[in-house]
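Protein chains in written order, with the working numbering: chain A, 258 to 396; chain B, 258 to 396. Scroll down for the structure; my scribbles are underneath it.
Protein chains: 2
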Amino acid sequence: MPVAKVKYTDGMQFVGEAGSGHAIVMDGDAEVGGNNTGLRPMELLLIGVGGCSGMDVVSILKKKRENITGLEVLVNGKKADEHPKKYTDIDIEFVVKGKNLSEEAVKKAVQLSMDKYCSVKATIEGTAKVNFTYKIINE
Amino acid sequence: MPVAKVKYTDGMQFVGEAGSGHAIVMDGDAEVGGNNTGLRPMELLLIGVGGCSGMDVVSILKKKRENITGLEVLVNGKKADEHPKKYTDIDIEFVVKGKNLSEEAVKKAVQLSMDKYCSVKATIEGTAKVNFTYKIINE
Numbered sequence: 258m259p260v261a262k263v264k265y266t267d268g269m270q271f272v273g274e275a276g277s278g279h280a281i282v283m284d285g286d287a288e289v290g291g292n293n294t295g296l297r298p299m300e301l302l303l304i305g306v307g308g309c310s311g312m313d314v315v316s317i318l319k320k321k322r323e324n325i326t327g328l329e330v331l332v333n334g335k336k337a338d339e340h341p342k343k344y345t346d347i348d349i350e351f352v353v354k355g356k357n358l359s360e361e362a363v364k365k366a367v368q369l370s371m372d373k374y375c376s377v378k379a380t381i382e383g384t385a386k387v388n389f390t391y392k393i394i395n396e
Numbered sequence: 258m259p260v261a262k263v264k265y266t267d268g269m270q271f272v273g274e275a276g277s278g279h280a281i282v283m284d285g286d287a288e289v290g291g292n293n294t295g296l297r298p299m300e301l302l303l304i305g306v307g308g309c310s311g312m313d314v315v316s317i318l319k320k321k322r323e324n325i326t327g328l329e330v331l332v333n334g335k336k337a338d339e340h341p342k343k344y345t346d347i348d349i350e351f352v353v354k355g356k357n358l359s360e361e362a363v364k365k366a367v368q369l370s371m372d373k374y375c376s377v378k379a380t381i382e383g384t385a386k387v388n389f390t391y392k393i394i395n396e
């Protein structure tokens with residue numbers, strides 16, 4: 258069962274640790290009494306959906322023996338103006354680098370992640386509309 | 258506009274960075290071809306909801322001049338068995354430490370975060386049922 262413990266330190270700084278044994282620092286900006294020593298909690302959702310879908314795409318392309326040499330996942334989030342300022346729209350762009358990458362294979366890998374495998378996307382899309390595109394750079 | 262860039266390094270390791278300028282390492286366990294060098298993307302949702310709501314509670318209690326000396330937010334997530342294995346239930350426990358803390362003030366702070374302010378909770382609760390409790394430790 259995934260668990261996390263988030264502990265207050267000072268100002269608006271919190272240290273979060275999770276079942277895998279790793280920890281991160283979160284903080285707010287000066288406007289909310291923070292000192293910007295770490296990530297904003299809302300940024301973790303964008304990084305999480307990028308990491309989750311990125312792992313899917315790499316895993317699927319490797320299984321298909323595609324020669325993937327790099328991947329960047331760019332994520333933009335749009336928040337509601339009113340509290341609780343949840344994400345209403347999230348745009349994800351996959352930039353896949355490789356040698357002789359098949360466009361069909363990349364398209365299919367991205368679609369499988371978005372439609373079937375990405376747990377983070379599946380959790381947030383009850384609220385946020387998630388759009389995605391991909392770009393292939395054959396080196 | 259909140260943005261994040263997530264970059265593939267090796268194995269299942271990704272480095273995510275966001276608009277605030279901070280970065281984190283994500284990785285999978287050996288079962289998925291990872292080396293457990295960093296947090297799982299799904300753990301970021303739990304840490305994020307703990308940090309987000311923790312900042313609300315600290316902020317509200319400080320505004321009310323309550324003498325809060327510590328806060329731990331414990332988060333448990335339950336995932337669906339089938340892909341995409343999204344969170345179906347998330348339990349949050351706030352353990353608030355302080356001196357002469359008013360139970361009414363703590364209860365109100367937690368409720369305001371959960372019902373009105375916490376952007377991460379508002380984003381994930383379209384999918385996951387979020388339950389919360391609190392405990393007060395007056396030192």
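Built from N, CA and C at the ideal position, the CB exists for glycine as well. This structure is a prediction, so every number in the text was calculated from the model and none was measured.
Practice task
Rounded to whole angstroms, what's the CA-CA distance from G308 of chain A to L331 of chain A? Just pull it up for me.
Solution key: Each residue's Cα considered, the two are about 10 Å apart.
Exercise for the section: Kindly provide the ranges of any beta strand (DSSP E) runs that are 3 or more residues long and lie completely inside the stretch 313-339 of chain A, ordered along the chain. Expected result: Taken in chain order, the complete beta strand (DSSP E) segments of 3 or more residues contained in the stretch 313-339 of chain A are 324-336.
Problem - Backbone CA spacing between I317 of chain B and D372 of chain B [nearest angstrom] - result: In this structure, the alpha-carbon of I317 of chain B lies about 14 Å from that of D372 of chain B.
Handout entry: Outcome for E360 of chain B when other beta-carbon atoms lying within 10 angstroms are tallied against a minimum of 16
Key = E360 of chain B comes out exposed.
Problem - Backbone CA spacing between N311 of chain A and R322 of chain B [nearest angstrom] - result: The question names Asn, but residue 311 of chain A is Gly in the sequence shown. Looking at the two C-alpha atoms, the distance is approximately 45 Å.
Problem - Closer than 9 Å to chain A by CB, R297 of chain B - result: Chain A contact via Cβ: present.
Handout entry: Minimum Cβ-Cβ distance from K392 of chain A to chain B less than 9 Å
Key = Taking Cβ atoms only, chain B never reaches closer than 9 Å to K392 of chain A, which makes this a no.
Exercise for the section: Can you tell me which of A:L303, A:T294, A:D346 puts its alpha carbon nearest to the alpha carbon of K386 of chain A? Expected result: Looking at the Cα atoms, A:D346 is the closest of the given residues.
Handout entry: Reduced DSSP secondary structure (H/G/I, E/B, other) of T294 of chain A
Key = Taken through DSSP and simplified to helix, strand or coil, T294 of chain A comes out as coil.
Practice task
Starting from T390 of chain A, follow the beta strand (DSSP E) in both directions and report where the run begins and ends.
Solution key: That run of the beta strand (DSSP E) goes 386-395.
Practice task
Quick one: grab the DSSP three-state call for G273 of chain A.
Solution key: Taken through DSSP and simplified to helix, strand or coil, G273 of chain A comes out as strand.
Handout entry: Simplified DSSP assignment, three categories, for D348 of chain A
Key = When secondary structure is reduced to three states using DSSP, D348 of chain A falls in the strand class.
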